[in-house]
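0 is the number of the first residue of the sequence shown in numbering that gives the first Met the number 0; add one for each residue after it.
Beta carbons are placed, not taken as given, at the ideal position from N, Cα and C, and that holds for glycine.
Bear in mind the structure is a predicted one, so any value in this text is a computation, not a measurement.
Below is one structure, written out as structure tokens; comments come after it.
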Amino acid sequence: MKDNISSPLDTLAEIKHLMERSSRFISLSGLSGVFAGAYALAGAFAAFRYLDARGIISSDNRAYTITTDDLIFFGADAAIVLILAIATGVFLTTRKAKQDGNSIFDASAKKLIINLCIPLFTGGLFCLALVLHGPAFYIAPAMLIFYGLSLINASKYTLSDVRFLGIAEVALGIISAFIIGYGLIFWAIGFGVLHIIYGTYMYFKYER
């Protein structure tokens, strides 16, 4: 009798698992979040040293105007962080997908990328407008808010935990928008600390 009961339950569990695999990309690596956070903190530290050397940290940076040299430095800094984070994320996620027996670029992965990129590219263009026309102190809050919206939008096609990270990023960005002059600190918390916490949680929840 026990076998007759457990067999239908096992079948239902297997059906649920197959449906989840077909509709959601579930091979995200928690370690990729940890590495992305570490790269972001390193990038934030480099930015802090750069601003400190120019005497901006100790002054009222609300009236600060971005120069061409600043654009080159911050652009290179952000590009290095982004490239390292994407490369590490692709490598670790591909490895996890192979271990799970999943495809790295199936229909659910395509939907995930599309829904992630729409708010992300929109936010990128908005931040570019802030860089060109100001005010510069809203760049960090805008990055956090649009990145959080991207995660929330993409969470429909991946693990639901991503949604909570997105909500936290949006909340942090809104708070940052009201506390002018600490954008770099909030940026480091959002892209660095929160990613490390999220990645560690995901690793122990799904990969251990």
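Contact between the segment 151-171 and the segment 96-115 is established, with three or more Cβ pairs separated by less than 8 Å. Taking a cut-off of 8 Å on C-beta distances, the segment 94-108 does not touch the segment 130-150, as fewer than three cross pairs fall below it. With fewer than 16 other CB atoms across the displayed protein chains lying within 10 angstroms of its CB, residue 134 is exposed. Apart from the 5 residues on each side of it in sequence, residue 144 sits with its Cβ closer than 7 Å to the Cβ of 169, 172, 173 in its chain, given in chain order. Secondary structure of residue 93 (DSSP, three-state): helix.
With a cut-off of 8 Å on Cβ pairs, the segment 123-131 is not in contact with the segment 79-90, counting fewer than three such pairs.
Residue ranges of uninterrupted alpha helix (DSSP H) with 4 or more members, entirely inside the segment 132-201 and ordered along the chain, are 138-153, 160-177, 182-186, 193-201. A distance of 8 Å or more separates the beta carbons of residue 198 and residue 40.
Put simply, the backbone Cα of residue 116 is about 10 Å away from that of residue 122. Less than 8 Å separates the beta-carbon of residue 43 from that of residue 191. Taking every protein chain shown into account, the CB of residue 74 has fewer than 16 other CB atoms within 10 angstroms, so this residue is exposed.
Secondary structure note for residue 102: it is in no alpha helix (DSSP H), with a DSSP letter that is neither H nor E.
Residue 141 is positioned such that its CB atom lies no closer than 8 Å to that of residue 163. Under a 10 Å Cβ-count criterion, residue 34 is classified as buried, with 16 or more other Cβ atoms of the shown protein chains found around its own Cβ.
By the Cβ neighbour-count rule, residue 108 is buried, with 16 or more other Cβ atoms within 10 Å of its own. Annotation: residue 27 is outside any alpha helix (DSSP H) and is labelled neither H nor E by DSSP. In chain order, 201 place their CB closer than 7 Å to the CB of residue 160, counting only its own chain and leaving out the 5 sequence neighbours on each side. Secondary structure of residue 66 (DSSP, three-state): coil. By the CB criterion at 8 Å, residue 183 and residue 139 fall inside the cutoff. In the structure shown, residue 207 adopts coil according to DSSP, grouped into three states. Under the three-state reduction of DSSP output, residue 112 falls in the helix class.
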